[in-house]
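For the sequence shown, the working numbering gives the first residue as -15, with consecutive numbering after it.
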Amino acid sequence: MIQCCICGKKVENDNVQGLKYKRKNYCYECFCNEFNPVEVDKHFAYLKFQDIFNRVPTSAEWTQMTKLVNEHKWEWNKIELILEYVYLIEQREIDEEYGAIGILPFYEAKARKFYDTLDEVYNTLDNVEEPQKVTVYATNYTHKKPVELKSIDQLIDWEEEDDEDWQE
Ligand SMILES: [Zn+2]
């Protein structure tokens, strides 16, 4: 248990009810109220990574995540959802070529489809009294032709570009 530094409530340190951030303890509500939504989502994406891989992101991985947000206009929440989709729903291993984060854009469409279906299921359940446990299976995973991966890859430049250098 940890004690929230703002309201004093004691909560589980499970990254759901309570969490640590910058060496302080917060309950979920106070954490969300205290920081701006982007910072909150960013930290939850970080925690999601940690939950999945049992380690913090390497600086290269964190750089890639930040690039997805800054250069590809992803929201942190989207990174969190796609991480969840790739590693918890599809239970993929880390891709040797693209790495834990580099592979995420390839799953964007599939993840969206999955979460859309999930939403539909939840909406249907609204009309059901006392729904029991619901299991949603990811659609059969089939490897797409590599040519498709290549064409997407061209849109993503993971290498640090020294934009200034070549002008000098
Ligand atoms: Zn609190």
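Beta carbons are placed, not taken as given, at the ideal position from N, Cα and C, and that holds for glycine.
Is it right to say residue i is buried, meaning 16 or more other beta carbons lie within 10 angstroms of its own, or is it exposed?
{"i": "glycine -8", "result": "exposed"}
{"i": "leucine 102", "result": "exposed"}
{"i": "methionine -15", "result": "exposed"}
{"i": "leucine 72", "result": "exposed"}
{"i": "lysine 26", "result": "buried"}
{"i": "alanine 29", "result": "buried"}
{"i": "valine 105", "result": "exposed"}
{"i": "glutamine 34", "result": "exposed"}
{"i": "lysine 6", "result": "exposed"}
{"i": "valine 0", "result": "exposed"}
{"i": "asparagine 9", "result": "buried"}
Considering just the uninterrupted stretch of the alpha helix (DSSP H) at residue i, what are its terminal residues?
{"i": "tyrosine 26", "result": "Going by the sequence as given, residue 26 is lysine instead of tyrosine. Here the alpha helix (DSSP H) through lysine 26 covers 21 to 37."}
{"i": "tyrosine 99", "result": "92 to 109"}
{"i": "glycine 86", "result": "83 to 86"}
Just to confirm, does residue i get its C-beta within under 7 Å of one of the non-hydrogen atoms of ligand 3?
{"i": "isoleucine -10", "result": "Among the ligands in the structure shown, ligand 3 does not appear; only ligand 1 can be found there."}
What span of residues does the beta strand (DSSP E) with residue i cover, start to end?
{"i": "leucine 67", "result": "Here leucine 67 belongs to no beta strand (DSSP E); instead the alpha helix (DSSP H) covers 60 to 68."}
{"i": "cysteine 11", "result": "8 to 11"}
{"i": "leucine 52", "result": "No beta strand (DSSP E) holds leucine 52; the alpha helix (DSSP H) holding it covers 43 to 54."}
{"i": "lysine 4", "result": "2 to 5"}
Please determine, among the options, the residue with the shortest C-alpha to C-alpha distance to residue i.
{"i": "tyrosine 99", "options": "Val40, Tyr12, Glu23, Glu64", "result": "Glu64"}
{"i": "leucine 50", "options": "Lys32, Ile85, Val70", "result": "One detail in the question is off: residue 50 reads as threonine in this sequence, not leucine. Measuring from the Cα of threonine 50, the nearest candidate turns out to be Ile85."}
{"i": "cysteine 11", "options": "Cys(-12), Tyr5, Val105, Asn17", "result": "Cys(-12)"}
{"i": "phenylalanine 37", "options": "Glu104, Leu109, Ile78", "result": "Ile78"}
{"i": "tyrosine 91", "options": "Val105, Leu109, Ile66", "result": "Ile66"}
{"i": "tryptophan 60", "options": "Tyr82, Asp(-2), Leu31", "result": "Leu31"}
{"i": "alanine 95", "options": "Glu74, Tyr82, Glu80, Glu81", "result": "Glu74"}
{"i": "lysine 97", "options": "Tyr82, Val70, Arg39", "result": "Val70"}
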